[in-house]
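Student: My structure is below; once you've seen it, I'll send some questions.
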Ligand code: ME8
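Numbering (the numbering used here), first residue to last: 144 to 647.
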């Protein structure tokens with residue numbers, strides 16, 4: 144079966160921060176896990192390069208928007224290998240093919256009768272690139288997200304007749320209660336729809352940095368409409384000479400942050416309905432990474448507030464796997480959560496170096512010392528096997544429900560179980576008694592096989608370290624169906640460098 148997962152495309156008006164990395168890591172965990180299940184996976188990420196946020200940043204820096212995006216987009220492109228992210232394509236919305244395809248779909252929406260000409264008068268936040276209703280603007284006319292003064296706009300626009308889709312959207316939410324996940328975000332989107340939809344601007348006539356409206360070149364498309372289409376347009380040109388649309392559309396998961404829920408849970412399905420295209424299966428909404436200030440108050444990590452952790456610095460010091468693990472472990476997926484450099488270092492030591500790293504190095508060292516580097520072909524302990532063997536199905540079910548941190552916890556319970564097993568069985572005591580050689584065989588086989596199974600299950604979160612561990616165990620296959628303990632699968636093992644060494 145095909146499985147298509149996307150991240151939001153990131154504005155390139157500044158360097159990427161951990162919040163961007165977070166979303167990309169989440170999508171990569173899903174993509175890698177689905178590949179382990181043998182699915183035909185396509186994973187898309189990229190950059191959002193048009194619109195006011197980018198135009199304003201360029202103006203501030205005294206460069207053209209094109210110069211700004213060409214300078215900044217590579218930082219996002221470079222982040223992917225640094226995070227060891229396995230995206231199948233990286234879209235830039237200044238790609239000519241994206242622009243042409245977006246124009247085609249938006250023209251189709253017009254041809255289907257959902258676009259009209261009008262005048263927009265109201266509030267606008269240039270940072271959100273979003274029009275605000277009077278209720279959102281509040282009495283002091285500020286952006287509720289950026290806390291900056293909203294501008295009053297009056298301009299000729301083409302409008303998308305969003306309000307006409309109100310009943311269809313309600314029907315969608317009735318029929319597919321998991322269209323938006325988790326549930327509390329679904330409720331939020333639904334009440335936004337129920338509160339009454341207004342038509343929205345589809346084009347801007349006061350901006351020039353955007354994709355031209357083909358039927359009226361004095362306008363460019365409002366950036367959100369063109370940007371949302373990236374999920375669809377990318378498939379048409381990601382592989383030169385092939386169109387992947389029929390193979391992968393509709394997407395299974397669009398992974399986004401809670402601040403852009405309205406666009407994905409309301410505008411996007413309405414646009415697709417207007418274009419008569421199939422809707423994605425799920426919009427999966429994550430929370431914000433927060434940082435505490437010196438008084439202990441939590442704030443969203445954001446480039447405008449300047450309270451950001453730099454994923455490049457963090458991966459330099461601790462490696463990509465550690466950062467991937469930390470992000471997925473520290474914050475319950477779907478909720479906000481605080482992160483910090485100190486919290487990262489603490490988890491690195493207690494969970495990665497101690498729980499997993501020591502388990503791996505001890506197990507390999509004992510097989511080398513007591514059995515000359517060959518895992519005995521003994522049957523694994525049945526009680527232990529029952530617990531470890533449950534991991535693959537449990538993790539798969541949790542991932543299907545988009546509970547990425549719950550899935551990691553399910554895997555981690557098995558890491559802790561194996562550590563307890565070492566203490567309970569005390570192989571170093573068994574090794575002193577020749578009469579207990581068969582027991583020692585069983586314990587070493589159980590530990591080695593258990594470690595192999597856990598490495599396979601944990602692979603999507605920590606591809607590099609689990610890959611190293613599996614190579615040392617002489618069993619590199621990461622297919623999830625092999626994540627069951629069996630006798631005699633392992634043989635000779637080899638040296639393993641410390642998986643999580645003390646940072647430099
Ligand atoms: O919104 N914690 O781009 P963007 C978690 N271009 N996630 C965070 C975060 C944080 N502190 N800060 C940002 C845009 N994000 C549009 C999207 S999609 C067609 C267009 C997430 O660069 C944010 O929630 O402002 C969003 O999902 C993504 O990073 C890109 O944010």
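Each residue gets a CB set at the ideal place from its N, CA and C atoms; glycine is no exception. Remember, predicted model here, so these are calculated numbers, not experimental data.
For residue 210, does the count of other Cβ atoms within 10 angstroms reach 16, so buried, or fall short, so exposed?
Tutor: exposed
Student: Just mark residue 359 as buried or exposed, buried being the case when its beta carbon has 16 or more other beta carbons within 10 Å.
Tutor: Looking at its Cβ environment, which holds fewer than 16 other Cβ atoms inside 10 Å, residue 359 is exposed.
Student: Are the beta-carbon atoms belonging to residue 534 and residue 588 less than 9 Å from one another?
Tutor: no
Student: Short of 6 Å in beta carbon distance, which residues of its chain neighbour residue 573, apart from the five on each side in sequence? Order them along the chain.
Tutor: 579, 582, 583
Student: Are the CB atoms of residue 613 and residue 627 within a distance shorter than 9 Å?
Tutor: 9 Å or more divides the Cβ of residue 627 from the Cβ of residue 613.
Student: Indicate the three-state DSSP secondary structure (helix, strand or coil) for residue 431 in the structure shown.
Tutor: coil
Student: In whole angstroms, what separates the C-alpha of residue 640 from that of residue 511?
Tutor: 14 Å
Student: With a threshold of 6 Å on Cβ separation, who are the neighbours of residue 147 within its own chain once the five nearest residues in sequence on each side are excluded?
Tutor: Cβ-Cβ distances below 6 Å link residue 147 to 185, 391, 394, 395 in the same chain, with the five nearest sequence neighbours on each side left out; the list follows chain order.
Student: Can the beta-carbon of residue 261 be found less than 9 Å from the beta-carbon of residue 299?
Tutor: In this structure, residue 299 lies closer than 9 Å to residue 261 by Cβ.
Student: Given 8 Å as the limit, is there contact between the region 411 to 428 and the region 243 to 255, that is, 3 or more CB pairs closer than that?
Tutor: yes
Student: From residue 190 to residue 170, what does the alpha carbon distance come to, in whole angstroms?
Tutor: 15 Å
Student: Based on the DSSP secondary-structure assignment, which residues constitute the bridge partners of residue 730?
Tutor: Since the first residue shown for the chain is 144 and the last is 647, residue 730 is missing from the structure and cannot be characterised.
Student: If you compare alpha carbons, which of 558, 215, 600 is closest to residue 590?
Tutor: 558
Student: Closer than 7 Å by C-beta to residue 174: which residues in its own chain qualify, once you throw out the five before and the five after it? Chain order, please.
Tutor: The answer, listed in chain order, is 148, 184, 186, 229.
Student: Less than 8 Å separating the Cβ of residue 166 from some heavy atom of the ligand ME8?
Tutor: Result yes, Cβ under 8 Å from the ligand ME8.
Student: Out of curiosity, what's the CA-to-CA distance linking residue 338 and residue 313?
Tutor: 11 Å
Student: Should residue 487 and residue 414 be called a contact, given that it needs their Cβ atoms to be closer than 9 Å?
Tutor: no
Student: What does a CB cutoff of less than 6 Å around residue 272 pick up in its chain, not counting 5 residues either side in sequence?
Tutor: 194, 195, 196, 366
Student: Spatial neighbours of residue 335 within its chain, please: CB distance less than 7 Å, with the 5 preceding and 5 following residues excluded, ordered by chain position.
Tutor: 405, 409
Student: Expressed to the nearest angstrom, what Euclidean distance is found between the alpha-carbon atoms of residue 380 and residue 552?
Tutor: Taking C-alpha positions only, residue 380 is separated from residue 552 by approximately 38 Å.
Student: Whose C-beta lies closer than 6 Å to the C-beta of residue 180 among residues of the same chain, with five residues either side of it excluded?
Tutor: 623
Student: Helix, strand or coil, according to DSSP, for residue 275 in the structure here?
Tutor: strand
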